[in-house]
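Asks: Protein chains in written order, with my numbering: chain A, 1246 to 1566; chain B, 331 to 666; chain C, 505 to 814.
Glycine included, each C-beta is placed from N, C-alpha and C at the ideal position.
Below is one structure. I have some questions about it.
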Amino acid sequence: MSAPLLEVEGLRMHFFTKAGVVKAVDDVSFRLERGKILGIVGESGSGKSMTGYSILGLVDAPGRIVAGRIAQNGRELTTLDETAWRKLRGNRISMIFQDPMMTLNPVLRIDTQMIEAVQAHHDVSRDEALRRSREALVRVGIASPDERLRAYPHHFSGGMRQRVAIAIALLNKPDLVIADEPTTALDVTIQGQILHEMQALCRESGTGLIWITHDLSVIAGLADDVCVMYAGRVVESGTVDEVLDRPMHPYTRGLLDSVPSRNERGRPLAQIPGMTPSLLKLGAACAFRERCPRAQPDCAEAPLATRPAPGRTLRCLHPTP
Amino acid sequence: MSTAPAPLLELRGVSKRFDKHLDFAGRIARKLGSRISDETVHAVDTVNLAVAEGEVVGLVGESGCGKSTLGRVVSRILEPTAGVRFWKGRPYAEYDKAADRAERLAVQMIFQDPYASLNPRLRIVDIVGEAPVVHGLIPRREQAEYVAHTLGRVGMDASLLRRFPHQFSGGQRSRIGIARALAVKPRFLVCDEAVAALDVSIQAQVLNLFIRLREELALTYLFISHDLGVIRHVSDRVVVMYLGRVVETASAAEIFDRPNHPYTQALVAEVPRIDVRRRHFVPIRGEIPSPLDPPRGCHFHPRCPRAFDRCRVEAPQLREVAPGHHSACHLNDRPS
Amino acid sequence: MHDTTPPAETLAPPAAPEPPVESPWRRLSVEFAESKLEIAGLGRLLVVVVIALTAPWLSPQNPYDLAQLDVMDSKLEPGSPSATGGTYWLGTDDQGRDMLSGIFYGLRISLAVGVASTVLAVAIGLVLGLAAAYFGGWVDAVIMRIVDIQLSFPAILVALVLMATLGQGVGKIILALVTVQWAYYARTVRSSALVERQKEYIEAARVLALPRSRVVFRHLLPNCLPPLIVVATVQVAHAISLEATLSFLGLGLPITEPSLGLLISNGFQYLLSGKYWISFYPGVALLATVMAINLVADQLRDILNPRLKR
């Protein structure tokens, strides 16, 4: 049996700050197969973005990975040096950020940036690089690509910029794409377009996609599998149908219940009381217990990740029935 | 509906235009043949809006639709370039200075960004208590007590009075912003994307707070959001805007069950829903045009799957297509 | 099932224990105190300030009191004994003045002139910058054009012309320095205010119908201060250097109230004939002062820069 496209096991990434240790990613495990889409869902402070950065080795001091394995096609990523990373990033693994201006250089033309991205990894002529860039733009649904290539980022709207950023991410036909909230800041109709394109691209090219978001409904429509994160830990994971139709963790249940469309119009929404705890003084106990309606005294002990069913993980001592 | 009381707040024919005139250097450049010109953005284009007392009107649309500008015209941060605003049936221009100030306080705004909407150098007691004291609603010596009471109304502990904004989370800052608005005893709240920047679980808390306050204090809301799910949940009536114009208005149930305008239909279809799995996204094509250069005729025609000749030249007017349901689309004039 | 409407749910304060009240100023001093290097810089500056303030009591000799000077003691080397039994630690100048005392007094004048001119220039620049940003339109245009014109002249040139016209004296040099400096602050404050003005808390103040003056002074102004503080601190050093230059060229302070610049100028002629200390030590003092101020300003800028938030 071949190695999965991406396997993350027991990943822990901490920030060592003056105020103390922030356990941004605390024992995260999941796997992704070729051509599949995995959604990582969580709110701010859940560690979902940091997980994405950790996979790409983009964590800077004062943070660092303290434990765990990240294997891409069987190859261990946590021990790579910068030279090896440079060959990998933008080539075999790429990332799409929430703000397209994190990808695009405002003072360079689009064609310059895209050609640079191609030539950094492939020894091809400028014309060939330009041809590939043009093809990538067409693939993400940009009409009149020649005109767009000659423009600067500030000539584009937010949605268009994000499309260009996605095109750059897909330029070298990577095996794995990590998308960190790419459509959160975009309008609903533009989001629809981009989701449509990402879906098609993954199906056609067999690229694995990790989609990080706080929006459960996007995951519902797009992903095959989902991991729900809270306070740096994966509290529940499984296929999208299983987790969204039969959630076991009270947090997942609470999130689903608080979505407006699940509640009667005009009546108060079911809500999760309280706030996300600070990641600073987090002990081993369940981080959700102060807000959980099903909490018991034994929740003060560390709930380990269990496998209640094949392909399903859960970190809870008293799951919802 | 003929003997209904005058709406609490009404906008008739209101437009807001932003002109960016060329400066001296620009004018010289133009004389020398450069193609730059004065820029005009028609952020809001001839909008009629009436909000009855106690009603929650949801204003929805995407970027460039003008909903935020309209919100600022309603809360009087911006003056309209055309049209008249009415409060309790009288145009604002008719109010004398004292009444005008009282009416200013009656319409308050809740802002989107919980981080930028609080003055980082002031303590909470001053942020919330400043306006009531300045306007003489409460004497200065009662400020702390009044603020504590107002904070309690929004579900915050009174012991947090002397803290600064940076010591609070996003959800708490939202509540402080709401307390600040409530402190001047408003009748009408404009909520400009008030929950957009919040986490989903906090969003539910704050929305519930809005619903509760509406009942407790008999408030009227203009709720501006791009999130259709939220709009559907809190609104009685929904107004849909596209590129500065109102394209459809109806009751909340009606607009989601029977959307009439093609844009509304697309919006309603696009909203991702949890029950729909691995959906086949069929997006509406095209980009949202820039408000600097809106398409002629119906603003939506370049992206509309059912556009025909008339749409390209003539801007459609809002017409009643069902009781209480208005839509601005030429398709409604065609015999079906 | 989750509870639907908790009555008036109170949100507990953030979980981590933290100081009960934490004003922005307290945060500033806490952050400043975190690095030893920063403390050292501040310490050096404090030494300078203390010397300047206590010069009359600290100095072994009052260099301006002609009765105390003995021309026989002139041009003595550092470490030479004085006629009255003490030691001239840094030597004497051509008039028999103790260099150490001269430096102490000179520091006093230099620092006083630097700080006074900066404070006045800040006040003027602040008001004009805020007005330009808040009112916009022609007010903005007029003020900014004046600022542009002012800043296009080299500072030293304007100062020289002014001093040549006005003559010597502490008040006059402060005036010259203020004239040369206010424009920087106006520009800094204006750009800061333009950014802050767009922020939602200013819009909120307007929706709350607060009077305009209150919005400008209570809401806008305090939030424009951080970059201003950084610029002002650096400019104190700059003003001191400028004043020293002017005095060196003979257009600054009179010999009866010598600043460090004048002391340096005085000893210049002896520099190459072996009596270096008359120029050298005042120069070192000037350098140390300016460096100390710049270091503190650097630290302040890093701390106050929100983008570098640690």
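Consider the Cβ of Ser-1450(A): report whether some Cβ of chain B lies at a distance smaller than 9 Å.
Replies: So, not an interface residue.
Asks: Name the DSSP beta bridge partners of Thr-1458(A), please?
Replies: Note: Thr-1458(A) sits in a beta bridge opposite Val-1286(A).
Asks: Please list, in chain order, all residues of the same chain as Cys-1447(A) whose beta carbon is under 7 Å from its beta carbon, the five residues on each side excluded.
Replies: These residues qualify, in order along the chain: Gly-1280, Ile-1282 and Leu-1454.
Asks: Does the Cβ-Cβ distance between Ile-614(B) and Thr-1429(A) come in under 9 Å?
Replies: Not a contact, by the Cβ cut-off of 9 Å.
Asks: Would the beta-carbon of Pro-1345(A) fall within 9 Å of that of Pro-1398(A)?
Replies: Yes.
Asks: Whose C-beta lies closer than 6 Å to the C-beta of Cys-1561(A) among residues of the same chain, with five residues either side of it excluded?
Replies: Excluding sequence neighbours, Cys-1561(A) sits near His-1494 and Pro-1548.
Asks: What ranges does the alpha helix (DSSP H) occupy inside the segment 594 to 672 of chain C, keeping only unbroken runs of at least 4 residues that lie completely in it?
Replies: Runs of the alpha helix (DSSP H) inside the segment 594 to 672 of chain C: 603 to 639, 641 to 656 and 659 to 670.
Asks: List the residues of chain A whose Cβ lies closer than 9 Å to the Cβ of Ile-554(B), in chain order.
Replies: Those do not exist, as Ile-554(B) stays about 14 Å from chain A at its closest Cβ, beyond 9 Å.
Asks: If you check the beta carbons only, do Ile-454(B) and Leu-481(B) fall under 9 Å apart?
Replies: In this structure, Leu-481(B) lies closer than 9 Å to Ile-454(B) by Cβ.
Asks: Which first and last residues belong to the alpha helix (DSSP H) in which Glu-761(C) is found?
Replies: No alpha helix (DSSP H) holds Glu-761(C); DSSP gives it neither H nor E.
Asks: Please classify Gly-778(C): is it buried, with 16 or more other beta-carbons within 10 angstroms of its beta-carbon, or exposed?
Replies: By the 10 Å Cβ count, Gly-778(C) comes out exposed.
Asks: How is Asp-349(B) classed by DSSP in three states: helix, strand or coil?
Replies: DSSP places Asp-349(B) in strand when its eight states are reduced to three.
Asks: Let me know the secondary structure DSSP gives Gly-1313(A) once reduced to three states.
Replies: Correct three-state label for Gly-1313(A): strand.
Asks: In whole angstroms, what is the alpha-carbon distance linking Arg-542(B) and Arg-567(B)?
Replies: So the two alpha carbons sit approximately 18 Å from each other.
Asks: Could you tell me if Trp-781(C) is buried or exposed, where buried requires 16 or more neighbouring beta carbons within 10 angstroms of its beta carbon?
Replies: Buried, because 16 or more other Cβ atoms sit within 10 Å of the Cβ of Trp-781(C).
Asks: Is Arg-542(B) close to chain A? Criterion is C-beta to C-beta, closer than 9 Å.
Replies: Yes, contact with chain A.
Asks: For Ser-489(B), would you say it is in contact with chain A, using Cβ-to-Cβ distances shorter than 9 Å as the test?
Replies: No, Ser-489(B) lies away from the interface with chain A (no Cβ there is under 9 Å from its Cβ).
Asks: Give the range of the beta strand (DSSP E) segment to which Pro-1553(A) is assigned.
Replies: First-last of the beta strand (DSSP E) with Pro-1553(A): 1551 to 1554.
Asks: Near Pro-1518(A), which residues of its chain fall below 7 Å by C-beta distance, leaving aside the five closest residues on each side in sequence?
Replies: The answer, listed in chain order, is Arg-1536.
Asks: Can you say whether Pro-658(C) is buried or exposed, counting buried as having 16 or more other CB atoms within 10 angstroms of its CB?
Replies: It counts as exposed.
Asks: Please report the straight-line C-alpha distance between Val-735(C) and Leu-808(C), rounded to a whole angstrom.
Replies: The straight-line gap from Cα to Cα measures roughly 12 Å.
Asks: Nearest-angstrom Cα distance between Leu-764(C) and Leu-655(C)?
Replies: For Leu-764(C) and Leu-655(C), the distance between alpha carbons rounds to 27 Å.
Asks: Hey, which unbroken runs of the alpha helix (DSSP H) at 4 residues or more fall wholly within the segment 553 to 577 of chain B?
Replies: List check, alpha helix (DSSP H) in window: 558 to 564.
Asks: With 9 Å as the threshold, decide whether the Cβ of Pro-731(C) is near any Cβ in chain B.
Replies: No, its Cβ sits nowhere closer than 9 Å to a Cβ of chain B.
Asks: Does Ile-1435(A) get closer than 9 Å to chain B when you measure Cβ to Cβ?
Replies: Closer than 9 Å to some Cβ of chain B, the Cβ of Ile-1435(A) qualifies, so yes.
Asks: Are any of the Cβ atoms in chain B nearer than 9 Å to that of Leu-707(C)?
Replies: Rather than Leu, the amino acid found at residue 707(C) in this sequence is Glu. With 9 Å as the cut-off, Glu-707(C) counts as an interface residue toward chain B.
Asks: Are Ile-1341(A) and Ala-1424(A) closer than 9 Å when you measure CB to CB?
Replies: Yes; because the gap between Cβ atoms is below 9 Å, this pair is in contact.
Asks: Expressed to the nearest angstrom, what Euclidean distance is found between the alpha-carbon atoms of Pro-715(C) and Asp-443(B)?
Replies: Taking the straight line from one Cα to the other gives about 24 Å.
Asks: In chain order, what residues of the same chain have a beta carbon less than 6 Å from the beta carbon of Cys-641(B), not counting five sequence neighbours either side?
Replies: Excluding positions up to five away in sequence, the list reads Gly-627, Cys-628, His-631 and His-660.
Asks: From Arg-365(B) to Ala-527(B), what does the alpha carbon distance come to, in whole angstroms?
Replies: When rounded, the distance between both Cα atoms is 39 Å.
Asks: Let me know the secondary structure DSSP gives Arg-493(B) once reduced to three states.
Replies: DSSP places Arg-493(B) in coil when its eight states are reduced to three.
Asks: If the cut is a Cβ gap below 7 Å, which residues of chain C does Asp-368(B) touch?
Replies: By Cβ distance, chain C contributes nothing, its closest Cβ being about 17 Å from Asp-368(B), past 7 Å.
Asks: Report yes if the CB atom of Thr-1558(A) is closer than 9 Å to the CB atom of Ser-1506(A), and no otherwise.
Replies: Not closer than 9 Å, so no.
Asks: DSSP three-state label for Ile-604(B), please.
Replies: Residue state, collapsed to three classes: coil.
Asks: Would you report the Cα separation of Thr-594(B) and Val-344(B), rounded to the nearest angstrom?
Replies: Each residue's Cα considered, the two are about 22 Å apart.
Asks: What are the complete alpha helix (DSSP H) segments, minimum 4 residues, inside the segment 709 to 778 of chain C?
Replies: Runs of the alpha helix (DSSP H) inside the segment 709 to 778 of chain C: 725 to 752 and 764 to 772.
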